[in-house]
Amino acid sequence: MSQDETTTDAPAGRAPSRRALLGWGGAGLALGAVAAGGTAAALRTGSDAQPAGADATSGSAVPFHGRHQAGIATAVQDRLHFASFDVTTDDRDELIALLKDWTKAAARMTAGDAVGGGAVGGPAEAPPDDTGEALGLPPSRLTLTFGVGPTLFEKDGKDRFGLKKRRPEALIDLPKFSGDNLDSTRSGGDLCVQACADDPQVAVHAIRNLARIGFGKIAIRWSQLGFGKTSSTTPDAQTPRNMMGFKDGTHNIAGTDNAALDQHVWVGEKDAKGDERWMAGGSYLVARRIRMHIETWDRTSLKEQEDVFGRDKAEGAPVGRKHERDTPHLKSMLPTAHVRLAHPDSNGGVRILRRGYSFTDGTDGLGRLDAGLFFLAYQRDVRHGFVPLQQKLAANDALNEYIQHVGSAVFAIPPGVRGADDWWGRELFA
Amino acid sequence: MRAHRSSVVAAIAVAATLTAVAGCAAKSDGKGAGKGAIAVTASDSDCKVSAKEFPAGHVQFAVDNKGSKVTEVYVYAPGDRIMTERENIGPGTHAEITAEIKPGAYEIACKPGMKGHGIRQKVTASGKGAAVKRNPKLDAAVSAYRTWVQEQADQTLPKAQKFADAVKAGDIEAAKKTYALSRVGWERTEPVAESFGDIDPKVDTRADGLSDGQKWTGWHKLEQSLWEKKKISADDKKLADQLITDLKDWQKRVGKAVINPTTMANGAKELLDEVATGKVTGEEERYSHTDLIDFHANVEGAQKAYELLKPVVTKNDPALAKELDKQFAAILKQLDGHRDGKSADGFASYDTVGKGERKTLSDSVNALAEPLSKLAAAVAESK
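Protein chains in written order, with UniProt numbering: chain Z, 1 to 430; chain W, 1 to 383.
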């Protein structure tokens, strides 16, 4: 309360208004900026090209239609519900009908509207179309990002929907990486939907309603809640800390950096030829559930923790530097330091757009926190993005002692839905 | 297990009232009909009624059996719900029965020889609110459903008796073999039994459903003794008798249950709810692991209700009918894959069904239950 009064009384220009505070994805983040001597105006610079102004206001709606799907370059929201689906029907027309229904529902939900005939006011004898838990909540920057997995094209040697020849070469089955301990019930999937929002209830509502619309045609294979973003696509914002207490993912691709997006994230017209033409404007997503050995990490000395990452814990500054965003001097880090291994300079300039979230799924029955990073990375070609990077990290990263990859999936992300008559995957089925 | 739905609660209230009314059959004093009574003259081939239309309210029926066979007389509301009845009316005797009757259409049936559909007369109770137009297709569906539920109860009793006899004989193996089979009729029609309110807690409560101080009776208590304790106690033998008594009560009350298209449709959905929360998880039959036969019986019961409502559904919502046909067929086919000729009840023990297979079963339950939840609205819309 006193915060409101202070804000009102403060001379204009010195303190951000309450609206501006809310406008920056939660008061905590904004207050952090204030404490660091920044102002809302300073935060806004560099966000002109992308609708970051509209899109970073926490209650607002992110446009659903566009050349690319939202939820990739979009300023990272606070919460995640990611779902992977098995397609249970073998009828191509039914699948197409579902994707049309899904698209309609997604357009409504991202605008803050209820699905179908709404949550109330329908026939008394029928269950309502919308499940209702998002009634009265703002759109909360909800984005729904749709993808298709390798098994949609071919499963057990079967061309299930006549799509086999449409499978892009870049949509590979990920190789086995050293240290992988993958649980098949938390891996793979024919379809995926990434729901990101600033309100967890809005994200969960979206997945729940899509699943419900799909029963009989699809079934949820696995899903993951994420409660804290670990990367940002807004370079002037502070990089959030992961569950290890470190800022990781600092050098991410900005949602406003169209040149970098075109080079590293979006599938270009030239990439998408012949049967792969449907992917132009799309991207590829790798999702990994990375469990952290939280308790052993917590018993590790500060020095070792900092050496493992190659950053200091307080600022996130690379070894020998002062600030988080200072250019790292890789050679002063240990050869096994995470930052050194993952940095584009160590990988021929390879960059991926990271959009991961911290997760905690309670405890594991042995009294240990079941927590870690739900890693999400978008890229133009998995073969030149995640795969070489992870091969290197899996073989050398000092962090491996404290983490284990337990879930894995890869999806082709079609281009955006262009308008009211368009639907998720139209180009693929055309 | 019991459902906690408001529709069921309402049904219980109405059922309780009707039970009270049905108990009002006046004793025959041999002096003929009282003032304003409707005379019903039954013979071996006829069922004459003195008035085809009479005012609604407290109605008295004066029955004379002029035939050579023992007869019985029923007053049915649409869907063959029994408003009142009198059995064992001997040749040449007189009986008087009464009922509180609301305005609407009814049928009076005489059943010479006390069997069959009976010789019926259509009658009308006049008064305010009598103008509700009925859909004969839906009335026929309700009446056929009630007949089927009654058959299920009638067929359950001898099977339950076999089970109870084995328990009373202390024969664990025989009791185990007859346990699951004795439950099939119940599981197929559970929502109707639940609508009575008091029978379900006596016969079908699970360990986790018990409240503090409640004595555990019924099938699942015996299940625990047979499979977990591996011992039949003296109390268990009494419980076996009690089970039969309670099931006979159920069998008698089916005819008076409030059944209408909405309760039928919601009942079908509730059967799938039962599968989703109790069977797929293996909670229902946690000691015997005979969940799959219950699962199958629940689906059959839901399918029966749907099939009877289908002529109306096909007209009102053909896409829904198509989807339900498909999903019922799919889930039954999937259950067929779990049949085991060597098991006493014909299905594999649920503890041998792996996590992945349970997930697939659960997916099929979702696939069927979602469209099934739209059935009630599809039959309610028809006027």
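Idealized CB from N, CA, C, for every residue including glycine. Note that this is a predicted model, so its numbers are computed, not measured.
Helix, strand or coil for residue i? Go by DSSP, reduced to three states.
i: Q238(Z); result: coil
i: I37(W); result: Just to set this straight, residue 37(W) is Ala in the shown sequence, not Ile. In this structure, A37(W) counts as coil in the three-state DSSP scheme.
i: R86(W); result: strand
i: N65(W); result: strand
i: D91(Z); result: coil
i: Y350(W); result: helix
i: V73(W); result: strand
i: D428(Z); result: It should be pointed out that residue 428(Z) corresponds to Leu in this sequence rather than to Asp. Three-state result, L428(Z): helix.
i: P415(Z); result: coil
i: P138(Z); result: coil
i: K229(Z); result: strand
i: V410(Z); result: strand
Could you work out which residues of chain Z lie near residue i, taking near to mean beta carbons separated by less than 7 Å?
i: S373(W); result: P127
i: T262(W); result: E125
Buried or exposed: which applies to residue i, given that a residue is buried once 16 or more other Cβ atoms fall within 10 Å of its Cβ?
i: P11(Z); result: Model confidence at P11(Z) stands at a pLDDT of 37, short of 50, so the residue's coordinates are unreliable and nothing is read from them.
i: R67(Z); result: exposed
i: T145(Z); result: buried
i: M279(Z); result: buried
i: Q305(Z); result: buried
i: H338(W); result: buried
i: G57(W); result: exposed
i: N65(W); result: buried
i: A49(Z); result: Low local confidence applies: a pLDDT of 33 at A49(Z) is under 50, so the model's placement there is unreliable, with the coordinate-based value given in what follows. With fewer than 16 other Cβ atoms within 10 Å, it is exposed.
i: S225(W); result: buried
i: Q391(Z); result: exposed
i: residue 437(Z); result: For chain Z, the structure presents residues 1 to 430; residue 437(Z) sits outside this window and is missing.
i: V120(Z); result: exposed
i: G341(W); result: exposed
i: A395(Z); result: exposed
i: L376(Z); result: buried
i: M114(W); result: exposed
i: P415(Z); result: buried
i: D257(Z); result: buried
i: E96(W); result: buried
i: H323(Z); result: exposed
Chain W partners of residue i, CB-CB under 7 Å?
i: F215(Z); result: N366, A367, E370
i: R383(Z); result: In chain order: nothing, as chain W lies at least about 31 Å away.
i: T131(Z); result: Residues of chain W passing the Cβ test: none, with the nearest at roughly 12 Å.
Using alpha carbons as the reference points, say which of the options lies closest to residue i.
i: A111(Z); options: L137(Z), F375(Z), G179(Z), H293(Z); result: L137(Z)
i: I413(Z); options: E315(Z), R167(Z), I253(Z); result: R167(Z)
i: G316(Z); options: K165(Z), T300(Z), D248(Z); result: D248(Z)
i: A302(W); options: F328(W), E285(W), R286(W), N316(W); result: F328(W)
i: I293(W); options: R188(W), R146(W), A319(W); result: R188(W)
i: H329(Z); options: P318(Z), S231(Z), T336(Z); result: P318(Z)
i: F61(W); options: S68(W), K52(W), K69(W); result: K52(W)
i: A125(W); options: P112(W), I101(W), I119(W), W227(W); result: I101(W)
i: E228(W); options: H289(W), S364(W), I108(W); result: H289(W)
Along the chain, where does the alpha helix (DSSP H) that runs through residue i open and close?
i: E304(Z); result: 302 to 309
i: Q391(Z); result: 386 to 396
i: V149(W); result: 136 to 168
i: D86(Z); result: Looking at the DSSP string, D86(Z) is not in any alpha helix (DSSP H); the run it does join, the beta strand (DSSP E), is 79 to 87.
i: L243(W); result: 234 to 253
i: K326(W); result: 318 to 336
i: Q201(Z); result: 200 to 214
i: A174(W); result: 172 to 179
i: E370(W); result: 355 to 372
Could you confirm whether any beta carbon from chain B is found closer than 8 Å to the beta carbon of residue i?
i: D212(W); result: The structure shown contains no chain B; its protein chains are Z and W.
Counting along the chain, where does the beta strand (DSSP E) carrying residue i start and finish?
i: N252(Z); result: Looking at the DSSP string, N252(Z) is not in any beta strand (DSSP E), and its letter there is neither H nor E.
i: S283(Z); result: 283 to 292
i: P55(W); result: 53 to 55
i: H338(Z); result: Per DSSP, H338(Z) belongs to no beta strand (DSSP E); it is in the alpha helix (DSSP H), 338 to 342.
Name, please, each residue of chain Z whose Cβ falls closer than 8 Å to the Cβ of residue i.
i: Q334(W); result: Near Q334(W) there are no residues of chain Z at all, since even the closest Cβ is about 11 Å away, more than 8 Å.
i: E323(W); result: G216
Please list, in chain order, the chain Z residues whose beta carbon lies closer than 9 Å to that of residue i.
i: A377(W); result: G122, P123, A124, E125, A126, P127
i: A380(W); result: P123, A124, E125, A126
i: Q139(W); result: With the sequence shown as reference, residue 139(W) is identified as Asp, and Gln is not the correct amino acid for it. Here the premise fails: no neighbours, minimum Cβ distance about 18 Å.
i: D317(W); result: What D317(W) touches in chain Z: nothing, since even the nearest Cβ is about 11 Å away.
Which bits of chain W does residue i rub up against, with CB to CB less than 8 Å?
i: T300(Z); result: None at all; the shortest Cβ gap to chain W is about 35 Å.
Using a Cβ cut-off of 9 Å, pull out every chain W residue sitting near residue i, in sequence order please.
i: A119(Z); result: By Cβ distance, chain W contributes nothing, its closest Cβ being about 15 Å from A119(Z), past 9 Å.
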